[in-house]
Every structure is written in structure tokens, then in C-alpha cells.
Amino acid sequence: MKKNIFFTLLLAVSGMLGAQSSSVSFGAKGGYTLSNMKFFDEKLGSKSYFYAGILTEQPVSSQLAIQAELLYTQLGGKDSYPWTEQVGTEIVEVGNMDFTYQFHQIQVPVSVKYYFIPDLSASVGMNLGFNISTKLTTVNPYAGEYKGNSNGAKTLNLFPFVGAEYKISSSFFVDARYNFNFIEVSKKNTVPTKIGFLQAGVGYRFK
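Numbered per mature numbering (1 follows the signal peptide of the UniProt record, and there is no 0), the sequence shown spans residues -19 to -1, 1 to 188.
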């Protein structure tokens, strides 16, 4: 599976860097990721991180374009439960059991962009998120912190998204998108898990 991921990413990078059309633009971008995770329909605490990567855009017409990106980010969530013990005849809370889920991902978002005006566009697309590692950190009042692997997630996650971009100048832009949690990221016979996340940041186009 990891060989397949590497091959897919290699094709994506090769396609982005190997385009020869004079109308194709290249750039770099980075920003903020805020993810919200669900077990069944129960929301966990949100997790924030950064994202960074490269992009390429191919115009189709004066108002339509195709954009592909290659990004690194983290997704996940946090949860906490009371830790109780029996003291005599009473049940006493002695602290919390904390869980932090971390999905380290390489993402390949591909979108169709529509330019309302030359500087403002809206986009819709699919984000392919490849998990390169999935971690679970637990903390309890007695054993302290423990870090291990979380094995319930799929290697490939799919996130439909919508977004918008505004060009500050011919080179600099700001953008934001929301990736929907319509598709489960968990394997079969594990706890049904979904993740939705917001990404907002800045970028620079080289041409």
C-alpha cells in the first residue's frame, strides 16, 4: 500500500512539474488547518495545525481553470473522559483520561475554479488525503502520557470541498476552503469516524 501511495504522489508531482504550456502557473502556499472529528455522531474537540505545499493551475477558458496541489498537514481531534475511583463507599473523580488523535497526511486536492472577476474565484473539488502515519496519545492521572499507533484509519481518505480565492496582486493570493466529512475515514468493523476541516492561508504564484 505504501508503494502505491508513493507511486501516486510521484505521478502527481511529475504532472505538476512537467506541464509545458505557457499558460500554466505554479506556486507555493501555506496556512492554517482546523479539523473536527466525529465518532459515530459524537463530536470530538477540534485540532489545529498548519499546512504547506505547492500548486499548479491550468486555464481552460477565460473563466474556468483546473488546479492541483500537493500539501502536507495534520488532521485529528481530542477527547476527554472523567477518571473515577472508589474511595470507601464513594465514587470520586481523580482527573481526566485524555485522548489526542493525529493523522499525518499528504494531500492532493484537485479542483475546478470559476472566476467571477479576474481576481476572485470559487472552486469545487476532491481532496485525496494519504495517511503517512496515524498516532494516538493518551494521558491519565497515574500512568502519565503514552503515544502509540492508531490502526483504525484507511490509508486513503476522500474529502469533497468547496473554496474561494482572492488575488491580492499578480503574485500573492489568499484562499480558504472547507473539506466535508461526507465519507468515513475508518476501516470496516472499526468505530465509524469522519473528519471535516477548514483550511485558510496565503500563497505565491511564480508566473
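Using N, Cα and C, we set each Cβ at its ideal position, and we do this for glycine too.
- Going by DSSP, F163 is part of no beta strand (DSSP E) at all; its letter is neither H nor E.
- Taking Q55 as reference, the option from Q180, Y185, F187 with the minimal CA-CA separation is Q180.
- Cβ-Cβ separation between Q86 and F111: approximately 6 Å, consistent with a contact (criterion under 8 Å).
- Less than 8 Å separates the beta-carbon of E146 from that of D156.
- Q44 sits close to Y95, with the two beta carbons spaced by under 8 Å.
- Looking at the DSSP output, Y82 bridges to G58, L117.
- Rounded to whole angstroms, the separation of the alpha carbons of G58 and E50 is 24 Å.
- In this structure I113 is exposed. Its beta-carbon is surrounded by fewer than 16 other beta-carbon atoms within 10 angstroms.
- Secondary structure note for L25: it is in no beta strand (DSSP E), with a DSSP letter that is neither H nor E.
- Secondary structure at G177: strand, using DSSP grouped into helix, strand and coil.
- If you draw a straight line from the Cα of P173 to the Cα of L25, it is about 13 Å long.
- In its chain, beyond the 5 residues on either side, T37, F187 have a beta carbon closer than 6 Å to the beta carbon of F7.
- A distance below 6 Å between beta-carbons, with the five flanking residues on each side excluded, links K19 to the following residues of its chain, in chain order: K175.
- In the structure shown, the three-state DSSP call for D100 is coil.
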